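J.:
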Amino acid sequence: MKNNVNFLKQYEYIIYLSFIAIFLILYDVSLYNYLLYHTTIELFTIFAGLSISLVALVTMNIGKNKIFILIGILYLYVSIIDYVHTLAYKGMNIFPTLTANEPTQLWILGRLLQALGTFFIFYLGVDKLKNRLFFLGVTIATLVGFIAIVYGFFPDCFVEGKGLTKFKIAMEYVIVLFSVLTILKINKHEKEDREHIKACFCKDIKFSLYFLIFGELSFTLYTDVYGFFNFLGHVFKFFSYYVLLRGITVRSLIDPVNTILADLSSKNEELQRIAYYDKLTKLYSRSFFEEIKDKHLNMLD
1 MKNNVNFLKQ YEYIIYLSFI AIFLILYDVS LYNYLLYHTT IELFTIFAGL SISLVALVTM
61 NIGKNKIFIL IGILYLYVSI IDYVHTLAYK GMNIFPTLTA NEPTQLWILG RLLQALGTFF
121 IFYLGVDKLK NRLFFLGVTI ATLVGFIAIV YGFFPDCFVE GKGLTKFKIA MEYVIVLFSV
181 LTILKINKHE KEDREHIKAC FCKDIKFSLY FLIFGELSFT LYTDVYGFFN FLGHVFKFFS
241 YYVLLRGITV RSLIDPVNTI LADLSSKNEE LQRIAYYDKL TKLYSRSFFE EIKDKHLNML
301 D
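Those letters in the sequence shown? Residues 1 to 301, by the UniProt record's numbering.
1. I'd like to know whether the C-beta atoms of V70 and F134 end up nearer to each other than 8 Å.
2. Measure the beta-carbon distance from S240 to F211 and round it to whole angstroms, keeping in mind my assumption that it falls under 8 Å.
3. Go ahead and pull the three-state DSSP assignment for F201.
4. Classify D204 as buried or exposed, calling it buried when 16 or more other Cβ atoms lie within 10 Å of its own Cβ.
5. May I ask which residues mark the beginning and end of the alpha helix (DSSP H) holding K155?
6. According to DSSP, which residues form a beta bridge with G163?
7. Any chance the stretch 79-93 sits against the stretch 103-120, with 3 or more Cβ pairs inside 8 Å?
8. State buried or exposed for Y34, treating a residue as buried only when at least 16 other CB atoms are found within 10 Å of its CB.
9. Less than 8 Å between the beta carbons of V174 and T165, yes or no?
10. Compare the beta carbon distance of F229 and I186 with 8 Å and say whether it is the shorter of the two.
11. Pick out whichever of I73, V29, A88, S51 has its Cα sitting closest to the Cα of F146.
12. Taking L232 as the reference, which of F23, L17, I15, I14 has the closest Cα?
13. Alpha carbon to alpha carbon, what distance is there between Y13 and A148?
14. F201 and G247 - do their beta-carbons sit closer together than 8 Å?
15. Taking H53 and T249 to be in contact with their CB atoms under 8 Å, please state how far apart those CB atoms are, rounded to whole angstroms.
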């Protein structure tokens with residue numbers, strides 16, 4: 001298992017260089033067909049989000065990482081919102097009555113849910129956040145957001161001919177603020193308990209949030225939903241999901257196996273301890289001395 005992880009790390013720079021080459025090609029594609037570029041990126045992030053959720057649910061019983069389970073629940077709903085955002089995007093014509101405003105509102109809804117959900121996971125802590133309660137809260141937030149957009153209660157985020165509204169830009173900075181606060185919380189945990197941070201792949205979440213921040217800052221600058229800063233924001237979104245998908249899927253598939261091996265090793269040590277010590281005298285038993293004798297005889301051979 002460790003060799004597989006080291007292999008991935010060794011060739012990761014090649015993977016990132018490949019991504020850069022792909023995005024240079026996609027940028028050229030976006031100049032002629034932005035919808036193709038946008039749909040490609042969104043479908044990847046939706047796939048990544050659903051994969052994270054699936055792995056979290058599948059490993060729920062064998063894994064002991066509650067943060068991962070909560071992240072899986074969160075990204076399930078974020079992926080649903082992103083899917084609707086993709087279908088509603090300007091030019092898709094799946095919902096002919098929609099303008100560029102509604103998909104922008106859906107974008108803000110998805111990113112707010114992502115940033116606030118991650119914030120609550122780390123600030124409230126896994127002890128206070130129960131899986132079912134968190135699931136219920138995220139479900140209600142998603143439904144309320146959808147209803148607000150459909151019935152016109154959600155503030156406008158994009159006006160044709162004018163660009164982004166003050167509300168949309170303000171919400172982007174709110175998303176950035178909560179992401180920064182979450183990173184600071186992770187950094188604090190990192191100093192206090194490095195082993196826990198390593199076990200819960202919080203570093204992957206932290207780097208994912210860095211890319212999210214860069215992306216949201218890019219999304220405060222565009223005036224055209226097919227423009228360069230919109231393109232750049234989606235590049236950062238891609239890497240935000242890639243970092244999380246890579247870290248969580250690789251670690252979550254390895255960690256349960258390592259946990260099982262650690263449990264077996266612990267039980268083996270416990271059995272040896274029972275075999276080597278006499279319960280009544282609390283002294284070494286005959287088995288202990290026989291094993292020592294056998295080891296020395298083997299060394300002489």
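Note that CB positions come from ideal geometry on N, CA and C, so glycine has one too.
These numbers were taken from a predicted model, which means no experiment stands behind them.
T.: Inspection of the coordinates gives the following:
1. The sequence as given places Leu at residue 70; Val does not occur at that position. Taking the C-beta atoms as reference points, F134 is found nearer than 8 Å to L70.
2. With a contact defined as Cβ atoms closer than 8 Å, S240 and F211 qualify at about 4 Å.
3. Looking at F201 - three-state DSSP - the assignment turns out to be coil, as it is neither helix nor strand.
4. By the neighbour-count criterion, in which a residue is buried when 16 or more other Cβ atoms sit within 10 angstroms of its Cβ, D204 is buried.
5. Residue 155 is actually Pro in this sequence, not Lys. First-last for P155: undefined, no H or E at that position.
6. In the DSSP output, where bridge partners are listed per residue, G163 has V159.
7. Contact holds: three or more Cβ-Cβ distances are below 8 Å.
8. Per the 10 Å Cβ criterion, buried.
9. Taking 8 Å as the Cβ cut-off, V174 and T165 do not qualify as a contacting pair.
10. It is not a contact, given that the beta carbons lie outside the stated cut-off.
11. The shortest C-alpha separation from F146 is found at A88.
12. Checked all of F23, L17, I15, I14; the closest Cα to L232 is F23.
13. Here the alpha carbon of A148 sits roughly 43 Å from the alpha carbon of Y13.
14. In contact: G247 and F201 (Cβ atoms closer than 8 Å).
15. The residue asked about is misnamed: residue 53 is Ser in this sequence, not His. A Cβ-Cβ distance of about 11 Å is found for the pair S53 and T249, leaving them out of contact under the 8 Å criterion.
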